[in-house]
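One structure below.
Written out as structure tokens, the structure is:
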């Protein structure tokens, strides 16, 4: 059995001109063997990553959830999500990745709000539109000597991201105009994703959002059906599951990383929330 790493590996996207953006079209059969092996190991990406599956079938695991994807489809991977390729058949895929600094702030807010999302099957018309946009972006990405190079690739990549978000939102049946509760819930989720390891109380997030704790809880519960405390616990447990599944860190080390100095308390909390002890979860899940 392959030894697990001490921490979850982060795949750093090749970026020879330091733009914070990368885009390419890949035939899996043309990749070096070491790249395929890397893709089959559980890892995170260092940026927001998108895949347009143009041909073939891929089995992928995202945060311990297995997905079978048939072309044409689009996949979004958040930088926090742990994933790996399980298998593939005659795959042709276009991929693009962009960091927070280059991403349109409105798109970043949307991505934080919709995560996690499942791979999205595409109809013929939508696939054609995104495929054409990808082809143009790849051509622009090669114009490295153009004086407007960075602006060109930033704008084209953001256009691609916007297309994907638009389709995810349409697929979910979301309305264009968000209510106040929806907006606050989106902001809460984005804030939670950044501070879950250090902020454990609903009041911490209400203070960060400059609203009262009862109002935050009212908004989140009306939008999601669950309390702020529930979402905080679930986010912490998700990270705990990732670390248990994909690293060899002890329960005590994981507890400390997640802000719990009393690791027996953390173990009891994990069992209460998930219905299973941490080490039992490690022994039966993922890798």
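In full-length UniProt numbering, the protein residues as written are 1 to 287. Glycine residues also receive a C-beta, built at the ideal position from the N, C-alpha and C atoms. Remember, predicted model here, so these are calculated numbers, not experimental data.
Residue pairing from DSSP places residue 76 in a beta bridge opposite 50. A residue is called buried once 16 or more other Cβ atoms fall within 10 Å of its Cβ, and residue 189 is buried on that count. Contact between the stretch 79-88 and the stretch 141-151 is absent, with fewer than three C-beta pairs closer than 8 Å. Here the alpha carbons of residue 277 and residue 268 stand approximately 8 Å from one another.
Around the beta carbon of residue 20, a 10 Å sphere encloses 16 or more other beta carbons of the protein chains shown; the residue is thus reported as buried. In this chain, residue 249 is not harboured by any beta strand (DSSP E), its DSSP state being neither H nor E. For residue 49 and residue 160, the gap between their C-alpha atoms comes out near 11 Å.
Of the candidates 60, 220 and 162, the residue whose Cα lies closest to the Cα of residue 126 is 162. Ranked by how close their Cα comes to the Cα of residue 109, the residues 171, 193 and 45 have 193 in first place. Under DSSP, the beta-bridge partners assigned to residue 92 are 27 and 55. If you ignore the 5 residues before and after residue 12, its C-beta comes within less than 8 Å of the C-beta of 46, all in its own chain and listed in chain order. Residue 119 is not a Cβ neighbour of residue 172, given a cutoff of 8 Å. In the DSSP assignment, residue 6 falls outside any alpha helix (DSSP H) and carries neither an H nor an E. For residue 194, the enclosing alpha helix (DSSP H) begins and ends at 180-195. In its chain, beyond the 5 residues on either side, 202, 227 and 228 have a beta carbon closer than 7 Å to the beta carbon of residue 217. Inside the stretch 81-153, DSSP marks whole beta strand (DSSP E) runs of 3 or more residues at positions 83-98, from first to last along the chain. One thing to note: residue 158 has its Cβ within 8 Å of the Cβ of residue 104. Residue 45 sits in a strand when the DSSP states are folded into three classes.
A Cβ-Cβ distance of about 11 Å is found for the pair residue 212 and residue 205, leaving them out of contact under the 8 Å criterion.
Within the same chain, and ignoring the five residues on either side of residue 39 in sequence, the residues whose Cβ sits closer than 6 Å to its Cβ are 85.
Short of 7 Å from the beta carbon of residue 254, and not among the five residues preceding or following it, lie these beta carbons of its own chain, in chain order: 240, 243 and 244. In the structure shown, residue 200 adopts coil according to DSSP, grouped into three states. If you ignore the 5 residues before and after residue 63, its C-beta comes within less than 8 Å of the C-beta of 81, 82, 83, 116, 238, 241 and 242, all in its own chain and listed in chain order.
For the set 68, 37, 71 and 248, the Cα lying nearest the Cα of residue 6 is the one of 248. Boundaries of the alpha helix (DSSP H) harbouring residue 36: 33-40, taken from the DSSP string. Ranked by Cα distance from residue 75, the options 51, 93 and 151 are led by 51. Taking the Cβ atoms as the reference, residue 197 lies roughly 7 Å from residue 257, within the contact range of under 8 Å.
It is roughly 32 Å from the alpha-carbon of residue 124 to the alpha-carbon of residue 41.
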